[in-house]
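So the sequences go chain by chain: A and B. With my numbering applied, the first sequence covers 45 to 161. With my numbering applied, the second sequence covers 335 to 445.
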Amino acid sequence: AQSVTQPDIHITVSEGASLELRCNYSYGATPYLFWYVQSPGQGLQLLLKYFSGDTLVQGIKGFEAEFKRSQSSFNLRKPSVHWSDAAEYFCAVAANAGGTSYGKLTFGQGTILTVHP
Amino acid sequence: EADIYQTPRYLVIGTGKKITLECSQTMGHDKMYWYQQDPGMELHLIHYSYGVNSTEKGDLSSESTVSRIRTEHFPLTLESARPSHTSQYLCASRRFGNEQFFGPGTRLTVL
């Protein structure tokens with residue numbers, strides 16, 4: 045079964061600083077990987093996804109993530125954080141094989157991002 | 335832009351009441367999901383459906399039930415609400431690939 049670990053529960057950065065949120069996954073093959081963002085009281089919005097191909101993927105709002113198979117990681121980065129980026133970020137993995145597990149997402153615990161002015 | 339709707343957004347109800355959380359999508363997606371999310375915690379899949387008249391239980395055991403009579407509609411029902419059911423419930427849908435689109439969620443409080 046797949047699993048996701050987000051080691052940092054809470055990260056605080058200053059506005060304009062760079063950001064990296066960590067995500068490690070466990071899955072027997074190359075998974076489908078996602079980063080979602082959730083603002084307070086809202087649903088989840090997809091930031092970016094990795095299915096195959098180029099290991100550096102670009103997303104919305106200036107975010108990018110790099111898939112590193114050797115480290116089983118899919119870290120999210122942004123070069124300059126804006127105050128509006130304050131939210132909770134979830135990494136998720138989905139099985140890419142057939143069967144009943146196909147398409148089901150497994151989420152990490154989430155990382156809360158606080159941005160100081 | 336994904337169109338998936340959940341009502342109500344907030345619900346405060348007494349113990350023992352029957353409640354139905356509504357989820358509708360206008361994208362024609364055949365696959366739909368319900369997740370439960372406690373504050374500060376990850377999302378846990380409680381139900382999913384791969385099409386009309388198809389429903390399955392998810393990874394987290396739940397006393398709720400679901401139905402899928404129409405493609406666009408995937409309601410979740412609690413026959414007798416209890417304080418332990420207090421949580422946020424998120425609905426999602428997808429068609430091809432693995433990208434799921436999420437609704438805004440229903441925050442349920444059972445007193």
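Virtual Cβ for every residue (Gly too), placed ideally from N, Cα, C.
Residue-level contact to chain A via CB, residue i, 8 Å cutoff
i: B/G437; result: yes
i: B/E433; result: yes
i: B/L379; result: yes
Chain B contact residues for residue i, given Cβ-Cβ distances below 7 Å
i: A/Q153; result: M375 and E376
Residue i - partner residues in DSSP beta bridges
i: A/F134; result: A/Y80
i: B/E397; result: BP columns for B/E397 are empty, so no partner.
i: A/F118; result: A/F111
i: B/T389; result: According to DSSP, B/T389 bridges with nothing at all.
i: A/Q102; result: A/E108
i: B/E356; result: B/T341
Test item: CB-CB of residue i and residue j under 8 Å
i: B/G437; j: B/I347; result: no
i: A/L77; j: A/F118; result: yes
i: A/F134; j: A/G106; result: no
i: A/W79; j: A/G97; result: no
i: B/K365; j: B/R404; result: no
i: B/S395; j: B/T411; result: no
i: B/Q371; j: B/Q422; result: yes
i: A/H160; j: A/T56; result: yes
i: B/S427; j: B/H378; result: no
i: A/A130; j: A/L157; result: yes
i: B/L424; j: B/Y369; result: yes
i: A/S116; j: A/S47; result: no
Neighbouring residues, chain B, relative to residue i (Cβ below 9 Å)
i: A/L65; result: Those do not exist, as A/L65 stays about 14 Å from chain B at its closest Cβ, beyond 9 Å.
Chain A residues whose Cβ lies nearer than 8 Å to that of residue i
i: B/L382; result: Note on identity: in this sequence residue 382 of chain B is Tyr, with Leu being the wrong assignment. Under the 8 Å cutoff, chain A gives K148.
What residues in the segment 71-101 of chain A bring their beta carbon closer than 8 Å to a beta carbon of chain B?
Y76, F78, Y80, G85, Q86, G87, L88, Q89, L90, K93 and F95
Against chain B, which members of the segment 118-140 of chain A pass a CB distance test of less than 9 Å?
E132, F134, A136, A138, A139 and N140
If contact means a Cβ-Cβ distance below 7 Å, which residues of the segment 410-424 of chain B contact chain A?
L424
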